[in-house]
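S.K.:
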Amino acid sequence: MRRSLPIWADVALIPLINVVAAFLISGLVVLAIGESPIEALRLMIMGSLGSPEGLAFTLYYSTNFIFTGLSVALAYRAGLFNIGAEGQAYLGGLGAALVCLALPDWPAFLLLPLAIIGAGLFGAFWAMIPGWLLARRGSHIVITTIMFNWIATSLMSYLLVNVLRAPGSMQPETRGFSASAHLPNLDGMLTGLGLKISNSPLNISFLFALIAALYVWLVIWHTRLGYEIRTLGANPGAADYAGVPTAKIIVITMGLSGLMAGGLALNEVLGAQHRLLLDFTSGYGFVGIAVALMGRAHPFGVVCAALLFGILYQGGSELAFDQPKITRDMIVVIQGLVVLFAGALEGLWRRPLLALFNLVSPHQPQTETER
Amino acid sequence: MEMGSALIILESGLRLAIPLLCACLAGLWSERAGIIDIGLEGKMLAAAFAGAALAHFTGSAWLGLIGALLASLALALLHGFATIHRSGNQIVSGMAINMIAAGLTALIGAAWFGQGGRTPSLQGPARFEPIWLGMDALTLLALLSVPISWFALYQTRFGLRLRAAGENPSALETAGVGVAMIRYCGVMICGVLCGLGGAYLAIAQAAGFLPQMTAGKGFIALAALVFAKWRPLPSLLTCMLFGLLDATSIRLQGVSLPGLGQIPVQAIQALPYVLTVILLAGFVGRAIPPAAAGLPYVKEN
Chain H
107 MRRSLPIWAD VALIPLINVV AAFLISGLVV LAIGESPIEA LRLMIMGSLG SPEGLAFTLY
167 YSTNFIFTGL SVALAYRAGL FNIGAEGQAY LGGLGAALVC LALPDWPAFL LLPLAIIGAG
227 LFGAFWAMIP GWLLARRGSH IVITTIMFNW IATSLMSYLL VNVLRAPGSM QPETRGFSAS
287 AHLPNLDGML TGLGLKISNS PLNISFLFAL IAALYVWLVI WHTRLGYEIR TLGANPGAAD
347 YAGVPTAKII VITMGLSGLM AGGLALNEVL GAQHRLLLDF TSGYGFVGIA VALMGRAHPF
407 GVVCAALLFG ILYQGGSELA FDQPKITRDM IVVIQGLVVL FAGALEGLWR RPLLALFNLV
467 SPHQPQTETE R
Chain C
5 MEMGSALIIL ESGLRLAIPL LCACLAGLWS ERAGIIDIGL EGKMLAAAFA GAALAHFTGS
65 AWLGLIGALL ASLALALLHG FATIHRSGNQ IVSGMAINMI AAGLTALIGA AWFGQGGRTP
125 SLQGPARFEP IWLGMDALTL LALLSVPISW FALYQTRFGL RLRAAGENPS ALETAGVGVA
185 MIRYCGVMIC GVLCGLGGAY LAIAQAAGFL PQMTAGKGFI ALAALVFAKW RPLPSLLTCM
245 LFGLLDATSI RLQGVSLPGL GQIPVQAIQA LPYVLTVILL AGFVGRAIPP AAAGLPYVKE
305 N
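Chains as they are written, first to last, in our numbering: chain H, 107 to 477; chain C, 5 to 305.
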């Protein structure tokens, strides 16, 4: 008798079943609306992967989700549930925009690194306050990060409406950044590879996101800090007893988590919009929760899940365009179902799957310690 | 400010406070039973949509209310199944419910009514009209839930057991009372109260459903719950205070106050959240949640 699933089933099969379950239920919703789920799925896949443009948009969305997914995953490793990636990314946008607006005449090779640092620092700062409040004052991190999302919303809407708004403009947005503050677009590079793309927002942030994933992997599994983060996540009491400076690690982890969330601003503000817009984060921070849960809080899993959600976002937009009855809200439904199956109902398939494995191959070699 | 406008602010403050009060009491029942619920927002939204849709189809506000209660209860049971039955993470489950409700209501609304997700506007008997002192039936029901909640929680055996489920579930189990059953009761009462709040939003305060019409009220209610330290009567006062703040922020737009100058609307809007953070951190007073809230209870064999 097997007592646990083989590792490949745990890592690949269960996430796959979760996605399939989420899509099946969404398919029922599509059916209830009176459209064909098969046709909807075809349109989504064609829209996201069927053309070079679609693919570029898919990767552009994925960039956002890699950053926010890493943010949630990193904190999760320390046992901290950071729901505040949305607000941290929003503040990251402010950091980047302030640099770009203050130094419009600086050359790109100085301005861009500064703007990136600005985004990271502001994001980290906004996450470290809840971290500090937990470490020093014992405030529940979930409630505080939720509150900080809303405080960020109010703060940014005040700044964009009253302080940073471009003179003479009615829109709550800053003036456009100078050309030296634009992150290089990847269109040219891909055209060089033989793919013809025009006007996609895909930019070099995508590569930054992949580097960030590698960085998180290195930090978590190959540094002393990562060891302390994982120990804290696995057993706070034991971590404390083993001499891990828990309070410090909480604040640092939240800082790194906010830093990753700030990465969203690279793609959106410096890469695509070239100005700071009201609500530019549009819920991507919350998608990060779904991405992190699906990716099992592992950087490689996060990248895979982010690609899936990129397909979902781009495909969902195309679907809404072709079949107006299925609006983009469909994406949010699927996202919610993924969070439900991969997160809240996490163990749902484990036992039936285990029974199935035992049914198929009941004569597994027993380990000597079993009964 | 003269008498007239003070009364207007008071009245609109009450109107803004009612959905907060429903959600706040809902959260209170759930968290007192040991189940954290950040899905108040989603349940209210689903209730608002189901209520408005049913009131539109049947032309009856009361049938709309029943629809709202059922929609909210269904999501509450999902939360209960995930967190009590399957010992799932309570935060994640609440998050999922918020997303599913936000997506489904807008999606189905757009598909059914073709007005960008809103329901057709409700008229006549499809809406709750004021029946007593300018208050409609749902307002009265919401206000009545405060003393009822207080009585049920503190003066009945059921209330004692429910609070025990949130503070020390193993002691309750030792006393021979099933924790799971009690927690399901808390979650379902939470569902009913969220349904009431959602119905109020769509068929009493407004004349129909708008996508994302809860606009963060479920989260302000969470803040109010911390503020009220998980007690019914302070919940009423906190929600009234937050409602009044909201009403004044609308009135104060562009008005210059003596000595203070113009107060940004956003500063007043952020106030509940800032105050909650301060209170939760124990800088002024201390808000301590139920001891076992958030922890799944697994029965020992």
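Where a beta carbon is used, it is the ideal one built from N, C-alpha and C, also for glycine.
Quick caveat: nothing in here was measured; it's all calculated off a predicted structure.
Taking a cut of 9 angstroms between CB atoms, which residues from the region 213-241 of chain C lie near chain H?
M.R.: Cβ contacts with chain H come from Pro215, Gly220, Phe223, Ile224, Leu226, Ala227, Val230.
S.K.: Which residues, in order along the region 315-330 of chain H, keep a beta-carbon less than 7 angstroms from a beta-carbon of chain C?
M.R.: Against chain C - using a Cβ distance shorter than 7 angstroms - the region 315-330 of chain H contributes no residues.
S.K.: For Pro134(C), name the three-state secondary structure that DSSP assigns.
M.R.: It is a strand residue.
S.K.: Given this structure, state the Cα-to-Cα distance separating Gly84(C) from Asn102(C), to the nearest angstrom.
M.R.: Approximately 15 angstroms, taken between the alpha carbons.
S.K.: Classify Met217(C) as helix, strand or coil using the three-state DSSP reduction.
M.R.: In this structure, Met217(C) counts as coil in the three-state DSSP scheme.
S.K.: Start and end of the alpha helix (DSSP H) containing Asn102(C)?
M.R.: Run containing Asn102(C): 94-117, per the alpha helix (DSSP H) assignment.
S.K.: State buried or exposed for His328(H), treating a residue as buried only when at least 16 other CB atoms are found within 10 Å of its CB.
M.R.: So His328(H) counts as exposed.
S.K.: Comparing the C-beta of Ser245(H) with each C-beta of chain C, is any distance below 8 angstroms?
M.R.: Closer than 8 angstroms: yes.
S.K.: Can you pull out the residues from the region 56-74 of chain C whose beta carbon lies closer than 9 angstroms to at least one beta carbon of chain H?
M.R.: Hits within the stretch: zero.
S.K.: Between Gly92(C) and chain H, is the shortest Cβ-Cβ distance under 8 angstroms, so that the two count as touching?
M.R.: Yes, because at least one Cβ of chain H sits closer than 8 angstroms to the Cβ of Gly92(C).
S.K.: May I have a chain-ordered list of the beta strand (DSSP E) segments no shorter than 3 residues that lie completely inside the region 215-279 of chain H?
M.R.: List check, beta strand (DSSP E) in window: nothing returned.
S.K.: Can you list, in chain order, the residues of its chain with a C-beta nearer than 8 angstroms to that of Ala93(C)? Leave out the 5 residues immediately preceding and following it.
M.R.: According to the sequence shown, residue 93(C) is Asn rather than Ala. Excluding residues within five positions, the ones whose Cβ falls inside 8 angstroms are Thr87.
S.K.: Looking at C-alpha atoms only, which residue of Gly43(C), Ile70(C), Val150(C) is the closest neighbour of Met244(C)?
M.R.: The residue with the shortest Cα to Cα distance from Met244(C) is Val150(C).
S.K.: If you follow the alpha helix (DSSP H) that Thr169(H) is in, where does it begin and where does it stop?
M.R.: Looking at the DSSP string, the run of the alpha helix (DSSP H) that includes Thr169(H) is 158-183.
S.K.: Would you grab the beta carbon distance between Ser168(H) and Gly416(H) for me? Rounded to a whole angstrom, and I think it's under 8 angstroms.
M.R.: About 3 angstroms; that satisfies the 8 angstroms criterion.
S.K.: Locate the alpha helix (DSSP H) running through Thr252(C), then write down its first and last residues.
M.R.: Note, Thr252(C): alpha helix (DSSP H), 236-255.
S.K.: Alpha carbon to alpha carbon, what distance is there between Gly128(C) and Ile189(H)?
M.R.: Distance between the alpha carbons of Ile189(H) and Gly128(C) is about 42 angstroms.
S.K.: For Ala241(H), which residues of its own chain have a beta-carbon under 6 angstroms away from its beta-carbon, when the five flanking residues on both sides are left out?
M.R.: Ala353, Ile356, Val357, listed in sequence order.
S.K.: Would you list the residues sitting across from Asp140(C) in a DSSP beta bridge?
M.R.: Answer is Pro134(C), bridged to Asp140(C).
S.K.: May I have the straight-line CA-CA distance separating Gly182(C) from Thr160(C), to the nearest angstrom?
M.R.: Those two C-alpha atoms are separated by around 17 angstroms.
S.K.: If you draw a straight line from the alpha carbon of Glu474(H) to that of Arg109(H), how long is it in whole angstroms?
M.R.: Low per-residue confidence applies at Glu474(H): pLDDT is 48, beneath 50, and the placement is therefore not dependable enough to give any value.
S.K.: To the nearest angstrom, how far is it from the Cα of Leu249(C) to the Cα of Ile272(C)?
M.R.: Between Leu249(C) and Ile272(C), the C-alpha separation is close to 7 angstroms.
S.K.: Can you tell which of Gly349(H), Tyr321(H), Ala272(H) has the C-alpha that lies nearest to the C-alpha of Glu334(H)?
M.R.: If we check each option's Cα against that of Glu334(H), Gly349(H) comes out closest.
S.K.: Ends of the alpha helix (DSSP H) at Gly163(C)?
M.R.: Counting along the chain, the alpha helix (DSSP H) containing Gly163(C) begins and ends at 161-171.
S.K.: Report yes or no: is there a C-beta of chain H within less than 8 angstroms of the C-beta of Tyr188(C)?
M.R.: For Tyr188(C), the answer is no, since every Cβ of chain H falls outside 8 angstroms of its Cβ.
S.K.: In the region 254-305 of chain C, which residue ranges form an unbroken alpha helix (DSSP H) of at least 4 residues, counting only runs that do not cross its ends?
M.R.: Whole alpha helix (DSSP H) segments, 4+ residues: 269-284.
S.K.: List the residues of chain C that Tyr182(H) touches, going by C-beta distances under 7 angstroms, in chain order.
M.R.: Per Cβ cutoff of 7 angstroms: no residues; Tyr182(H) is ~10 angstroms from chain C at best.
S.K.: Quick check: the region 445-455 of chain H against the region 116-124 of chain H, are at least 3 beta-carbon pairs closer than 8 angstroms?
M.R.: As far as the Cβ criterion goes, the region 116-124 of chain H touches the region 445-455 of chain H, which means the pair count is three or higher.
S.K.: Indicate whether at least one CB of chain C lies closer than 8 angstroms to the CB of Ile257(H).
M.R.: Output row for Ile257(H): interface = yes.
S.K.: By the DSSP assignment, the alpha helix (DSSP H) with Ser154(H) in it spans what residues?
M.R.: That run of the alpha helix (DSSP H) goes 143-155.
S.K.: Since Arg457(H) is in the alpha helix (DSSP H), which residue starts that stretch and which ends it?
M.R.: Here the alpha helix (DSSP H) through Arg457(H) covers 456-466.
S.K.: Counting only runs of 4+ residues fully inside the region 313-355 of chain H, write out the alpha helix (DSSP H) ranges in chain order.
M.R.: Fully enclosed alpha helix (DSSP H) runs of 4 or longer: 330-340, 342-347.
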